[in-house]
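Written out below as structure tokens is the structure these notes cover.
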Amino acid sequence: MTTSTRPLHLAAELAPGSGRADPGPDTAARAVALARLAEAAALDFLTHDDSFAGPGLDALAVLARVAPETRSVGLVPTVTTTHTEPFHVQAAVATLDWVSRGRAGWRIAVSPTGAEARLLGRRPAPPAAELWQEAGEVAEVSRKLWDSWEDDAEIRDVATGRFVDRRKLHHVNFQGATFSVKGPSIVPRPPQGNPVTVVDATRPAARDTAAHHADVALIRATSAEEAAALRAELRRGARAHGRDPGQLRVLLSLTVDLDAYEGGPGALAELIAGWHGGGAVDGFHLVPAVPERDLERFAAGTVPRLRDRGLFRTAYEGTTLRDHLGLARPLSQYATTGAGA
1 MTTSTRPLHL AAELAPGSGR ADPGPDTAAR AVALARLAEA AALDFLTHDD SFAGPGLDAL
61 AVLARVAPET RSVGLVPTVT TTHTEPFHVQ AAVATLDWVS RGRAGWRIAV SPTGAEARLL
121 GRRPAPPAAE LWQEAGEVAE VSRKLWDSWE DDAEIRDVAT GRFVDRRKLH HVNFQGATFS
181 VKGPSIVPRP PQGNPVTVVD ATRPAARDTA AHHADVALIR ATSAEEAAAL RAELRRGARA
241 HGRDPGQLRV LLSLTVDLDA YEGGPGALAE LIAGWHGGGA VDGFHLVPAV PERDLERFAA
301 GTVPRLRDRG LFRTAYEGTT LRDHLGLARP LSQYATTGAG A
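In structure tokens, the structure reads:
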């Protein structure tokens, strides 16, 4: 396989399977410690699993606690778009972007089971295809709401008592299949313009949503050839939706046990270098079997080997998650529409 000059992107999961087991009373403190470890290794971002399917702390709240304890690493909580209000979801993610000074993302998830539906009591669980269509609409309206404040909408003029230029606030007037939103948002435009959208595209039902809306798509594959085919499929889908496929990052989500993984951190570095160098993926999202053990071994053993090959950064070169991923900050879609709402 040929050597690639494309940047390598690395991310890790902080709480694998947190929705299926009691994570204990110290989850937030553990998350801070693990996030500092990942930041010292200059990883692009961290995800935090979450689900209505079992007990566990709220991922968005945990990463809001992590934000002031870190400076650079991206923070990406799992946020379900089923049985939740899109307006509230986008406001929470925008707030995390402000709290972290431009390091937030969100991993869109759906809640497909009847048990999850009964927890909320709002409606039965629709089929997976409908849930992912709805998730795409939530992603779309979230971007509209993040853009509903132009970047310079805030005036904060004490002398005149004016906080905001109303001409630069915009109604979104969005009508989806299961919800409608008028807007504007109650949160000013986030530092990144739009926080980074991550979609797990492992299941076929999620792939069109990922191709249409994701900045980062997560996949699983058993071979480099399978991963390359999935990446190509997602990039074709992005182009079909009128997007620049070069603005979509495809990361392989890989469960690792560096206590029993054959060859340990060195073998993992070989695998990452080979798959990335051959163009199969843009990077890797590591799901550690035991976060405290495996993330430390990954940071201390695998990352230095990748740096020795010139494949991974030695320090952060930007300040936002979009900077780390090489993604442009989007312009507000309403910025050139003249007077607002």
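All letters in the sequence shown, in the order written, are residues 1 to 341 by UniProt numbering. Glycine is no exception: its CB is placed at the ideal position from the N, C-alpha and C atoms.
Exposed or buried, which one is residue i when buried takes at least 16 other CB atoms within 10 Å?
i: Arg20; result: With a pLDDT of 42 at Arg20, under the threshold of 50, the predicted position of this residue should be treated as unreliable, though the coordinate-derived value follows. Label assigned to Arg20: exposed.
i: Leu120; result: exposed
i: Lys168; result: buried
i: Asp200; result: buried
i: Val158; result: exposed
i: Phe163; result: exposed
Is residue i helix, strand or coil when you go by DSSP?
i: residue 345; result: Residue 345 falls outside the range modelled here, since the chain spans only 1 to 341, and no answer is possible.
i: Leu57; result: coil
i: Gln192; result: coil
i: Ser180; result: strand
i: Gly340; result: Any reading at Gly340 must be qualified, since the residue scores a pLDDT of 38, below 50, and its modelled position is unreliable; no value is offered.
i: Val141; result: helix
i: Phe87; result: helix
i: Gly136; result: helix
Grab the span of the beta strand (DSSP E) containing residue i for me, first residue to last.
i: Leu75; result: Gly74 to Thr80
i: His285; result: Gly283 to Pro288
i: His212; result: It is not in any beta strand (DSSP E) - His212 instead sits in the alpha helix (DSSP H) that spans Pro204 to His213.
For residue i, which residues of its own chain have a beta-carbon under 6 angstroms away from its beta-carbon, when the five flanking residues on both sides are left out?
i: Trp275; result: Ala224 and Val281
i: Ala335; result: Glu150
i: Leu63; result: His48, Leu75 and Pro77
Under the criterion of a Cβ to heavy atom distance below 7 angstroms, does residue i qualify as lining the ligand PLP?
i: Pro195; result: The ligand PLP is not part of this structure, which contains no ligands at all.
Smallest Cα separation from residue i: which of the options?
i: His212; options: Leu271, Ala41 and Arg236; result: Arg236
i: Ala104; options: Thr95, Val110 and Ser111; result: Thr95
i: Val196; options: Pro7, Ala289, Ser51 and Thr78; result: Thr78
i: Glu137; options: Asn173, Arg162, Ala125 and Val62; result: Asn173
i: Pro265; options: Pro245, Leu248 and Pro288; result: Pro288
i: Pro204; options: Ala64, Ala128 and Val89; result: Ala128
i: Ala210; options: Gly310, Leu43, Ala139 and Ala117; result: Ala139
i: Glu116; options: Ala53, Asp152 and Val141; result: Ala53
i: Arg101; options: Arg322, Ala29, Leu131 and Leu37; result: Arg322
i: Ser185; options: Thr27, Asp50 and Ala91; result: Ala91
Please work out which residues of its chain come closer than 7 angstroms, Cβ to Cβ, to residue i, disregarding the five sequence neighbours upstream and downstream, and give them in chain order.
i: Pro330; result: Gly193 and Asn194
i: Val303; result: Ala41 and Phe312
Looking only at its own chain, which residues have a Cβ that is under 8 angstroms from the Cβ of residue i, when we skip the five neighbours before and after it?
i: Ala35; result: Leu14, Leu46, Val66, Glu69, Thr70, Val73 and Leu75
i: Arg122; result: His83
Which residues mark the beginning and the end of the alpha helix (DSSP H) in which residue i is found?
i: Glu225; result: Ala224 to Ala240
i: Gly264; result: Gly264 to Gly277
i: Arg118; result: Gly114 to Leu120
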